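What follows is a single structure, written as C-alpha cells, with notes after it.
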Amino acid sequence: MRTIHYAVLNEISCLQTIPQTILDVGFGNGSFTQAVSATFPRSDITAIDTSIPKLVSSDNITFIKGSVEQLPFALESFDLVITVLSLHHWKEKSKGISEIYRVLKKGGRLIIGDPLLEDWMSNRILGLLMQVLDGGSFTDKKRISGYLNTAGFEDISVRLIPNTMKSLYLITAKK
Ligand SMILES: C[S@@+](CC[C@H](N)C(=O)[O-])C[C@H]1O[C@@H](n2cnc3c(N)ncnc32)[C@H](O)[C@@H]1O
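Counting in the numbering used here, the sequence shown runs from 25 upward without gaps.
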C-alpha cells in the first residue's frame with residue numbers, strides 16, 4: 025500500500041462511528057478494498073470499477089462492474105464512499121460526485137484520495153506530464169470544491185497528504 029492508502033484508512037478510522045456500508049469506487053486490482061475489509065471486517069463493502077478483473081467476492085466484499093457516473097444503487101445506500109487514485113480517470117467528474125451524493129445516506133461521508141493540479145508552476149508542469157503518462161485528467165482544489173458544493177455536500181475539506189509528492193490530496197465531505 026502507498027502513503028495515500030494509509031491516509032485514507034486513517035481517515036476512516038477517525039470517523040465517529042465505524043461505517044456499516046462502504047462503497048469503493050474505482051477499485052483497480054482490489055488490493056486496497058481488501059485492506060479496508062481486513063481493517064473493518066464487520067462492514068459490508070461494495071466495490072465498483074468500469075473494468076473488472078477476475079476477483080472473487082469474499083464474505084464482506086462484493087465486486088461489481090459499473091461506472092461512477094451511473095451508479096447502480098438506490099438512493100441513500102451507503103454510510104461511506106471512498107475513491108482512491110480514480111477521480112482523475114472519470115470522464116464526468118461532476119456527474120460522478122452527484123451520483124455519490126445520491127447513494128450516500130444523510131450524514132454519510134465521502135473520502136477521496138487523488139492528485140490535484142495546483143497552480144504553482146513546477147507542480148502544474150509535473151501534473152500535466154503525469155496526466156499525459158497516466159491518461160487521466162487532474163482537477164484542482166477550486167473545481168473539486170465546486171463539484172462537491174453543487175452536489176450538496178457540506179464540511180468540505182481539501183488537504184495535502186503529508187510525506188508524499190506535493191500534489192496528493194485528501195478530499196473529504198459530508199452529506
Ligand atoms: C489507478 S486505479 C486505482 C485502484 C485502487 N483504488 C487503488 O488505489 O489502488 C483507478 C481505477 O479507476 C477506475 N475507473 C476509471 N474511471 C472510472 C469510472 N468512471 N467509474 C468507476 N471506476 C473508474 C479504473 O478502471 C481503474 O481501475
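Note that CB positions come from ideal geometry on N, CA and C, so glycine has one too. All values reported here derive from a predicted model rather than from experimental measurement.
{"Asked": "Candidates N34, L39, Q58, F51, of which the one nearest W114 by Cα", "Found": "F51"}
{"Asked": "Neighbouring residues (CB closer than 5 Å to any heavy atom of ligand 1)", "Found": "G50, G52, F56, D73, T74, S75, S91, V92, V108, L109, S110, H113, W114"}
{"Asked": "Euclidean distance between Cα positions of L152 and L192", "Found": "14 Å"}
{"Asked": "A59 - containing alpha helix (DSSP H), residue span", "Found": "55-63"}
{"Asked": "Boundaries (first-last residue) of the beta strand (DSSP E) holding L134", "Found": "128-139"}
{"Asked": "At least three beta-carbon pairs within less than 8 Å, the segment 86-100 to the segment 60-74", "Found": "yes"}
{"Asked": "Contact under 8 Å by Cβ, H29 with V108", "Found": "yes"}
{"Asked": "Bounding residues of the alpha helix (DSSP H) (the contiguous stretch that carries Q184)", "Found": "The question names Gln, but residue 184 in the sequence shown is Leu. It is not in any alpha helix (DSSP H) - L184 instead sits in the beta strand (DSSP E) that spans 178-184."}
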